[in-house]
Ligand code: FES
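In our numbering, the protein residues as written are 13 to 80.
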């Protein structure tokens, strides 16, 4: 599997891209809730929440940090 394209929109309601999520994790976010606070994702229809949570967990796993 290839890594997601950074420009891929993960949260349609708020225009949050995969790169935005990665930036939040790189900047220290360690849970989906922190990523949500920083990016604004998942605050409307919430259809993106499980997908983004999975991406956050994967990024944390890759960087050796704990998911949550
Ligand atoms: S797609 Fe993210 S809140 Fe609707």
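Just so it is clear, CB atoms sit at the ideal spot from N, CA and C, and this is done for glycine as well.
Just so it is clear, the structure is predicted and the values come from calculations on it, not from any experiment.
Checklist line | Residue from 40, 74, 31 and 73 with nearest C-alpha to residue 53 | finding: 31
Checklist line | DSSP three-state assignment for residue 51, whether helix, strand or coil | finding: helix
Item checked: Candidates 40, 57, 43 and 39, of which the one nearest residue 26 by Cα -> 57
Margin query: One question on the structure: do residue 68 and residue 44 come within less than 8 Å of each other, judged by their Cβ atoms?
Written below: yes
Item checked: residue 75 versus residue 33 - alpha carbon distance -> 14 Å
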